[in-house]
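Residue numbers (the working numbering): 124 to 394. For each residue, glycine too, the CB sits at the ideal point set by N, CA and C.
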Amino acid sequence: MTGPLDFVPCHSLPDSATEPPVRFVFRDGQNLLVDPTQPDRLLDALDFAEHPAVPLGRLAGRPCVAIAVDADTPPPAGLDFVGLRALHGVMDEHLRSLAGGGFQLLHWRRTHRFCGACGTPTAMKTDERALVCPACGQLAFPRIDSAIIVGICRGDQLLLAHNRRFRGNMHSLIAGFVEVGETLEQTVAREVREEVGIEVDRIRYFGSQTWPYPSTIMLGFVAHYAGGELRPDGEEIVSADWYSRDALPEIPGPGSISRRIIDAFLAGELG
Ligand SMILES: [Zn+2]
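Following this line, the structure appears as structure tokens:
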């Protein structure tokens, strides 16, 4: 499967008995049921009808749902449960994104089973992507956390930092979550100041990536050094330095927006 999918999102689908759906089946959180020999094969005719399903839409004209199964559910013969991250570069990227969206909606449904205002069990709305409380009418929409990630240039060098959570000696860009009341540019400036102690300017948008672990949108930016001495905060950021193209430390593998920004730096596209 290549190119964008023939996919139309919708919030309610016909009874699965009349039109058997394509199913994205998740176990243990992010493990997706796939045919390891054909990762792009659409799975249907699976005996998971009794499990709670979240409608996603129509894929190539067929109803498409996401289903969560219990942690001890064995995979059907010939199929296997594989982590979403491990399917990067293995499964069609558009299909993997659709599955990732399904995972996020399952997570949302599972964590919003009761009304946050009055505690009544919620129900799925059929005319929009929301859960509604039948007692008080309170609506709950899928939550998406916003985070920024920024490539900071100084001359022909890029700032790379080692975060305490990174494996080995991996270095990447500065990132952090948007706080209430901030513009994205303010988030970029604050995160850079907090984590490495410098000021930046000429902040511009680069691109974005959904990050379904569980529900984040990563908003990529490029910025330029505008002053100050590098002072890693010592909590999140253990070390940070300016790197030239020909002397990079270990960097993230392909598939993340951080790597896309670093690759753009290497190609001389960030100036
Ligand atoms: Zn309520």
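**Asked** What number of angstroms, rounded off, separates the C-alpha of residue 388 from the C-alpha of residue 250?
**Response** 44 Å
**Asked** Looking at C-alpha atoms only, which residue of 323, 320, 312, 178 is the closest neighbour of residue 100?
**Response** The question about residue 100 has no answer, for the chain in this structure spans 124 to 394.
**Message:** I'd like to confirm something about residue 309: is its beta-carbon nearer than 8 Å to some heavy atom of ligand 1, or not?
**Reply:** For residue 309, the distance from the CB to the nearest heavy atom of ligand 1 is not below 8 Å.
**Prompt:** Just to confirm, does residue 94 get its C-beta within under 8 Å of one of the non-hydrogen atoms of ligand 1?
**Reply:** This structure cannot settle anything about residue 94, because the visible part of the chain is limited to 124 through 394.
**Message:** On the CB-based measure, 16 or more other CB atoms within 10 Å of its CB, does residue 159 come out buried or exposed?
**Reply:** exposed
**Asked** Under three-state DSSP, which class holds residue 220?
**Response** helix
**Request:** Following the continuous beta strand (DSSP E) through residue 388, name the residue where it begins and the one where it ends.
**Result:** Residue 388 -> not in any beta strand (DSSP E); alpha helix (DSSP H) instead, spanning 380-389.
**Item:** Beta-carbon proximity of residue 343 to residue 384, cut-off 9 Å
**Value:** Cβ distance < 9 Å, so residue 343 and residue 384 count as in contact.
**Prompt:** Whose C-alpha, out of 248, 265, 264, 242, is nearest the C-alpha of residue 258?
**Reply:** The option with the nearest alpha carbon to residue 258 is 242.
**Item:** Rounded straight-line distance, which links the Cα of residue 334 to that of residue 206
**Value:** 14 Å
**Asked** What does DSSP give as the partner residues of residue 322 in its beta bridges?
**Response** 350
**Request:** Please state whether DSSP places residue 230 in a helix, a strand or coil.
**Result:** Helix.
**Message:** Distance check for residue 183 and residue 232, CA to CA, integer angstroms please.
**Reply:** Taking the straight line from one Cα to the other gives about 25 Å.
**Request:** Go to residue 209, then tell me how far its beta strand (DSSP E) extends in each direction, as first and last residue.
**Result:** Segment: none, residue 209 is in no beta strand (DSSP E) and carries neither H nor E.
**Asked** Out of curiosity, what's the CA-to-CA distance linking residue 381 and residue 374?
**Response** The straight-line gap from Cα to Cα measures roughly 9 Å.
**Request:** Report yes if the C-beta distance between residue 145 and residue 186 is below 9 Å; otherwise report no.
**Result:** yes
**Request:** Taking residue 136 as the reference, give the member of 156, 323, 269, 247 with the closest Cα.
**Result:** 247
**Item:** For review: beta carbons within less than 5 Å of any heavy atom in ligand 1
**Value:** 238, 240, 241, 243, 256, 258, 259, 261
**Asked** residue 153 CB to nearest chain D CB: under 9 Å?
**Response** Looking at the structure shown, chain D is missing, and only one protein chain is on hand.
**Message:** Using 9 Å as the threshold, is the C-beta distance between residue 354 and residue 321 below it?
**Reply:** yes
**Asked** In chain order, what residues of the same chain lie with their CB nearer than 8 Å to the CB of residue 356, ignoring the 5 residues before and after it?
**Response** 317, 318, 319, 320
**Request:** Quick one: using the 10 Å Cβ neighbour count with 16 as the cut-off for buried, is residue 367 buried or exposed?
**Result:** exposed
**Message:** Beta-carbon within less than 8 Å of residue 176's beta-carbon, same chain only, minus the 5 sequence neighbours each way: which residues are those?
**Reply:** 139, 144, 146, 188, 189, 190
**Burial state of residue 403 (16 or more Cβ within 10 Å)** = Nothing about residue 403 can be reported from this structure: the residues present for the chain run from 124 to 394 only.
**Prompt:** Which one or two residues does DSSP pair with residue 345 in a beta bridge?
**Reply:** Answer by DSSP bridge pairing, in chain order: 274, 327.
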